[in-house]
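Numbering (numbering that gives the first Met the number 0), first residue to last: 0 to 393.
Where is the CB? At the ideal position from N, CA and C, for every residue including glycine.
Notes follow once the structure below has been shown.
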Amino acid sequence: MTLHTVSAFDRIGEENAFAVLARATELARQGRSIVNLGIGQPDFQTPPHIVEAAVKALHDGHHGYTPATGILPLREAVAADLHKRYGVDVSPDLVLIVPGGKVTMYMAILMFGEPGAEILYPDPGFPIYRSMIEYTGATPIPVPIREANGFAFSADETLALITPRTRLLILNSPANPTGGVTPKPEIDRLVAGIARHPDVAVMSDEIYGQMTYDGLAHQTLLAYPEVRDRLILLDGWSKTYAMTGWRLGFSVWPQGLYENARKLAVNCYSCVNAASQWAGIAALTGPQDAARAMVAEFDRRRRVVVEGLNKLSGVGAAVPKGAFYAFPNVSRTGWKAKPLASALLEEAGVATIGGPDFGVHGEGYIRLSYANSTENIVEALRRIGEFLERRQAA
Ligand code: PLP
């Protein structure tokens, strides 16, 4: 028997972080001591008042389908939160509740990707952007994200890649995997340039928007009226409230695209599970001290990880300005990034992700998630240091 699946599946990719997690779990199961700095999720529990809200929702009988777009009080809470955070006005009617931030990029890329279309995306960047672009048959156009530019988008370099075939530009700040934050003046210039290309839609992935350091304020694309009619905002609860497993995210769509997004929801998952949605309300309207404490803790670990990395021979780490990743340059170790990440896992028991898993411009770097205890981070740095001494000397 030969099953003929569509050729798009020859092109779809995935996230190597999950393969690294599986391998790390397998090694641990065999009795090896593994420090996992591979996976990008907070090592905290969801704050108890959020968990309680979900339990209460289940006891209160919220067991059925909800509207495909999400329950109104949650969409209202999202709109109020965006107003509180950024001073922007967003209609709850343009907020879509989705099962995780990833679903927004899936929908946006499906809406704009087809053969002949070009989609710009950050490289290094979240691997699903490119994977989904290729799945649709569109041409992926990487926007290089350079260490020399503080791992920020360069407005000039990005705008120069726009052609008459460009349909969608994907932005991400604070960024995975680099921890880079694009400064406001650069975003201003980028938006001014995009305003001259009215046929290009923008998807701004701001899932790490509440994780910035050194007093830096997050600059949302929602604050620019000149692109609001073609802006898709990707955000959610996963990182901010340690809720990766709840599968809860939201997007803000322009009027003209909202219906398409709603139809995709109806065709695919009907609605997000009801209890998660009630938990989402508690997260946004309840006390924020746990979320703030988490960011303060990431900030402390960020310093430990950067200081430790910069003491290792052949390693140079820029200070991440947001998210919870360090993206050290390892090119002077003499190792290629992927073999290094692999050897660190197999021989030193430290899970990291090789930069090329985030795109060709990730060569020479590895990603370390510092969403792990300081004790584990220190131990990982010790192991990496020992490994590099041993293998450089060999
Ligand atoms: N966007 C970026 C840049 C991410 O790093 C991630 C998760 O790692 C997501 C989106 C997806 O988030 P979620 O788990 O809510 O689907």
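- Runs of beta strand (DSSP E) with 3 or more residues, each lying fully within the segment 92-156, are found at 94-97, 117-122, 138-143, listed in chain order.
- Boundaries of the alpha helix (DSSP H) harbouring V54: 47-58, taken from the DSSP string.
- For the 8 angstroms CB-CB criterion, N259 and M104 do not form a contact.
- In chain order, V180, K320, G321 place their CB closer than 8 angstroms to the CB of L215, counting only its own chain and leaving out the 5 sequence neighbours on each side.
- Residues D122, E156, H360 of the same chain have their beta carbon placed closer than 7 angstroms to that of P143, with the five preceding and five following residues left out of the count.
- Relative to ligand 1, the beta carbon of D204 is positioned inside 7 angstroms of a heavy atom.
- Rounded to the nearest whole angstrom, the C-alpha separation of N375 and Q40 is 15 angstroms.
- Taken atom to atom, the span from the alpha-carbon of W236 to that of S275 is near 10 angstroms.
- DSSP, reduced to helix, strand and coil, places N171 within a strand of the structure shown.
- In chain order, V34 place their CB closer than 7 angstroms to the CB of E378, counting only its own chain and leaving out the 5 sequence neighbours on each side.
- Contact fails between the segment 46-58 and the segment 249-259, because fewer than three Cβ pairs, one in each stretch, are under 8 angstroms apart.
- Boundaries of the beta strand (DSSP E) around S368: 365-368.
- DSSP links T165 through a beta bridge to E117.
- Of the heavy atoms belonging to ligand 1, at least one sits nearer than 7 angstroms to the Cβ of F125.
- DSSP places M210 in the coil class of the three-state scheme, outside both helix and strand.
- The C-alpha of R227 lies about 11 angstroms from the C-alpha of I193.
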